[in-house]
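The sequence shown maps to residues 1 to 314 in UniProt numbering. Don't be surprised by glycine CBs; every beta carbon is placed ideally from N, CA and C. These notes concern the structure reproduced below.
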Amino acid sequence: MPIKIPDQLPATDILRNENIFIMAESRASTQEIRPLKVLILNLMPKKIETETQFLRLLSNSPLQVDVELLRIDDRPSKNTPTEHLDTFYRQFETIKNRNFDGLIITGAPLGLVQFEDVLYWEHLQTIMAWAKAHVTSTLYVCWAAQAGLKLLYDLPKRTRKEKLSGVYHHEIHDPHHPVLRGFDDTFLAPHSRYADFSPEFLNEHTDLDILATSDIAGVYLASTKDKRNVFVTGHPEYDAMTLHNEYIRDLGEGMEPAIPINYYPNNNPDNKPIASWRSHGHLLFSNWLNYCVYQQTPYDLEHFSEDKFTRDEN
1 MPIKIPDQLP ATDILRNENI FIMAESRAST QEIRPLKVLI LNLMPKKIET
51 ETQFLRLLSN SPLQVDVELL RIDDRPSKNT PTEHLDTFYR QFETIKNRNF
101 DGLIITGAPL GLVQFEDVLY WEHLQTIMAW AKAHVTSTLY VCWAAQAGLK
151 LLYDLPKRTR KEKLSGVYHH EIHDPHHPVL RGFDDTFLAP HSRYADFSPE
201 FLNEHTDLDI LATSDIAGVY LASTKDKRNV FVTGHPEYDA MTLHNEYIRD
251 LGEGMEPAIP INYYPNNNPD NKPIASWRSH GHLLFSNWLN YCVYQQTPYD
301 LEHFSEDKFT RDEN
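And the structure:
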């Protein structure tokens, strides 16, 4: 089934050229079907690139998904045209009285910034608190996972001395968990972060179900028991060249970054990278949409109630 996005969104032509099933608003409005309402809070600098990556993963589902894009504030962006933001992105004030089936909060290049020094930290706290009463399931990606764990569990920020960058092997811990349904016993996924997520640390400070870990990268997937909050510490949405572009950027800024692990053939940056995590990313998002969102959300979003999920767990 398709994702529904605005007719003129730049991602439209990119995804159509990849033979991905998308549906313009004009066509979707004639269908008598209840699409899932998914909101993407895009915190990444290159918003067009990021929104395209997430839309690509959301498209690979039998469910019709109605996607809306949310910006954290109205500050001008250095990497995204103002016209694009004004045309395709909502302000929180315009959606705060609505309910959504799903919310995705993207990563952000803030791994070395203390939470209280993040310019939009208070606003992000407001949105995450709002989601408890207005969203069936929230997916936190990379830096957003660290921010979500801080706000939900007051989890202290832990930072690695060296940036974790590359494609790492992971093992699943509960093959029967809905989020992991259909996963191989081991799989590859990219990471690009300073945050440190050790299984022991999360077990000590939270009651999360730890779903997948890496010996090197630590916890990759975790979920609250009601599946209303799912944390992904890596970047399953990344394109084949995203880690390369970050590596070249960091070189240009004189940061002397390490070559991303298990990424370039023969560990040579002159060789074109191979995306070895693509099928994993699609399956993860399909499972989240189906089991965490679709199977739990009310048919009528106007009747959304946080109490429902509490009762279902008891």
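Supposed contact pair residue j and residue i - C-beta distance, whole angstroms, cut 8 Å
i: A195; j: W143; result: 7 Å
i: G148; j: N229; result: 7 Å
i: I14; j: I104; result: Not quite, the Cβ-Cβ distance comes to about 18 Å (not below 8 Å), so this is no contact.
i: Y263; j: G166; result: 5 Å
i: L211; j: L180; result: 6 Å
i: V232; j: A145; result: 6 Å
Exposed unless 16 or more other CB atoms sit within 10 angstroms - verdict on residue i
i: I274; result: exposed
i: P190; result: buried
i: R56; result: buried
i: M44; result: buried
i: T87; result: exposed
i: E32; result: In this prediction, E32 has a pLDDT of 49, which is less than 50 and means its spatial position is unreliable; what the coordinates show is noted afterwards. E32 should be labelled exposed.
i: Q295; result: exposed
i: L124; result: buried
i: E162; result: exposed
i: E51; result: buried
i: Q8; result: exposed
i: H170; result: buried
i: N271; result: exposed
i: G281; result: buried
i: N287; result: buried
i: G252; result: exposed
i: Y220; result: buried
Strand pairing of residue i, partner residues [DSSP]
i: P156; result: According to DSSP, P156 bridges with nothing at all.
i: R71; result: Answer is none; R71 lacks a bridge partner.
i: V118; result: Paired residues: none, contrary to the question.
i: V38; result: V67, G102
i: K138; result: Residue identity differs from the one stated: residue 138 is Thr in this sequence, not Lys. DSSP, once it has assigned bridges, lists L103, N229 as partnering T138.
i: I127; result: Paired residue(s): none; I127 is not in a bridge.
i: A133; result: Answer is none; A133 lacks a bridge partner.
i: A144; result: Its beta-bridge partners do not exist; DSSP assigns none.
i: A222; result: I210, F231
Option in the options with minimal Cα separation from residue i
i: L69; options: A11, D154, F201; result: A11
i: G234; options: N245, Y247, S214; result: S214
i: R71; options: K47, G102, P236; result: K47
i: T297; options: Q8, L63, D101; result: D101
i: S192; options: G182, V179, R160; result: R160
i: D154; options: N97, F115, K132; result: F115
i: R90; options: H244, D74, L180, D250; result: D74
i: C292; options: V135, G218, D239; result: V135
i: F54; options: H303, A217, L139; result: L139
i: D207; options: P265, E256, A222; result: A222
i: N203; options: N97, S137, T224, Y168; result: T224
i: Y168; options: L243, I248, V38, N79; result: L243
i: P35; options: E49, N17, P62, E18; result: P62
i: I5; options: L58, D66, D117; result: D66
i: S77; options: N99, I95, N42; result: N42
i: H205; options: Y238, A129, I172, K157; result: K157
Going along the chain, which unbroken runs of the beta strand (DSSP E) with 3 or more residues stay wholly within the region 162-220? 186-195, 209-214
Go through the region 46-109 residue by residue and report every complete run of the alpha helix (DSSP H) that reaches 4 residues or more, in order. 47-58, 82-88, 92-95
Scan the region 238-312 and note each continuous alpha helix (DSSP H) run of 4 residues or more that stays entirely inside, going in chain order. 242-252, 278-287
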